[in-house]
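S.K.: I am attaching a structure below and will ask some questions about it afterwards.
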Amino acid sequence: MKIGFLGLGRMGHGMAANLIKAGHEVTLYNRTRDKAVGLDAPIAATPGQATVGKEVVFTMLSHDAALEAVMHGQDGVLAHLPKGAIHVSASTISVATAEALDAAHRKAGQNFISAPVFGRPEAAIAGKLFIAAAGAEANLARLQPLFEAIGQRVFVVSDAPSRANLVKLSGNFLIASVIESLGEALALVAKGGVDEKAYLELLTSTLFNAPVYKTYGQLLVERKFEPAGFAAPLGQKDIRLVLAAAETLNVPLPIASLLRDRFLTLLAQGGEKLDWSAIGALAARDSSI
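Numbering of the sequence shown is given in numbering that gives the first Met the number 0, commencing with residue 0 and proceeding in unit increments.
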């Protein structure tokens, strides 16, 4: 397929590489061109140039504002995506932005699919992401070969694109909850004289034998927060977005409110460049460990 790919951060770079490897004709765009290093594909000067004549355009950008910046204006995706073509938003964005983009694409005679992904940069490189996809069934069927190139499984959430974004935000809320609670538990046993590595081995070999506990538990035990696989400001952004969605739906999320404050504490203490898992180390710092 003829594909435009916008956003070559640590996640987008791996995803674009796998689409190229699968034999698709990919045109790249990133605000800073040096992010395309290592990718054997043409680089467009504007979002519109990466979009014109394409069957599918992927966006993998860090936040709502970055996505909206490439969508609108005379050089934006909306102005250049052919009628009947598909915009696949793989970004973690707000429910409200997804709804607005869906409406804008419909008005322009284009198609919109939300397909946010679960997985860290290593999974993106390996083509092992999990994809939460939502949109029209016919469009999802057209995209299946592309999803197979970047992910190991697709979960179809709904025919309404924004519901995939709600699922993604709720998933990131759960991951952050695990990081915080695991960090607190590790601080407790460490201050009580228990070896953290042995404790983590016990947990992940018995009751908590799940990737999220293994991955983030290892990062916490090793205090390995740089380079950031998912930067702390992005984690703070996702918790803010899940709280906004919850407010719209009148759903109280008291743990999410706590997590918002933990992220703000981390950022206030200079954690902007750290991985979001660093919020789990706050408990140890608070305990003078």
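We treat Cβ as the ideally placed atom computed from N, Cα and C, and that holds for glycine.
Leaving out five residues on either side along the sequence, give the residues of the same chain with a beta carbon under 6 Å from the beta carbon of residue 97.
M.R.: The beta carbon of residue 97 sits closer than 6 Å to those of 113, 160, 161 and 164, all from its chain and outside the five residues before and after it, given in chain order.
S.K.: Per DSSP, which residues does residue 110 bridge with? Please list them.
M.R.: 85.
S.K.: May I ask you to report which of helix, strand or coil DSSP gives residue 225?
M.R.: coil
S.K.: Where are the beta strand (DSSP E) runs, 3 residues long or more, that stay fully inside the region 17-45, in chain order?
M.R.: 24-28
S.K.: Select from 118, 82 and 116 the residue whose C-alpha is nearest the C-alpha of residue 106.
M.R.: When each option's Cα is compared against that of residue 106, the closest is 82.
S.K.: Counting C-beta neighbours from all protein chains within 10 Å, is the total for residue 156 16 or more, i.e. buried, or is it exposed?
M.R.: buried
S.K.: Give me the Cα-Cα distance between residue 229 and residue 208, rounded to the nearest whole angstrom.
M.R.: 22 Å
S.K.: Taking three-plus beta-carbon pairs below 8 Å as touching, is the region 44-51 in contact with the region 16-28?
M.R.: yes
S.K.: For residue 231 and residue 239, what's the separation of their Cα atoms in angstroms?
M.R.: 12 Å
S.K.: Specify, as a first and last residue, the run of the beta strand (DSSP E) that residue 1 falls within.
M.R.: 1-5
S.K.: Should residue 108 be labelled buried (16 or more other beta-carbon atoms within 10 Å of its own) or exposed?
M.R.: exposed
S.K.: With 8 Å as the threshold, decide whether the Cβ of residue 213 is near any Cβ in chain D.
M.R.: Absent from the structure is chain D; it holds one protein chain and no more.
S.K.: Work out the CA separation of residue 53 and residue 219 for me, nearest whole Å.
M.R.: 43 Å
S.K.: For residue 242 and residue 252, which I take to be in contact (beta-carbon distance under 8 Å), what is that distance rounded to the nearest angstrom?
M.R.: 6 Å
S.K.: By the DSSP assignment, the beta strand (DSSP E) with residue 238 in it spans what residues?
M.R.: Residue 238 -> not in any beta strand (DSSP E); alpha helix (DSSP H) instead, spanning 231-247.
S.K.: For a test of the three-state rule: what should DSSP assign to residue 177, helix, strand or coil?
M.R.: helix
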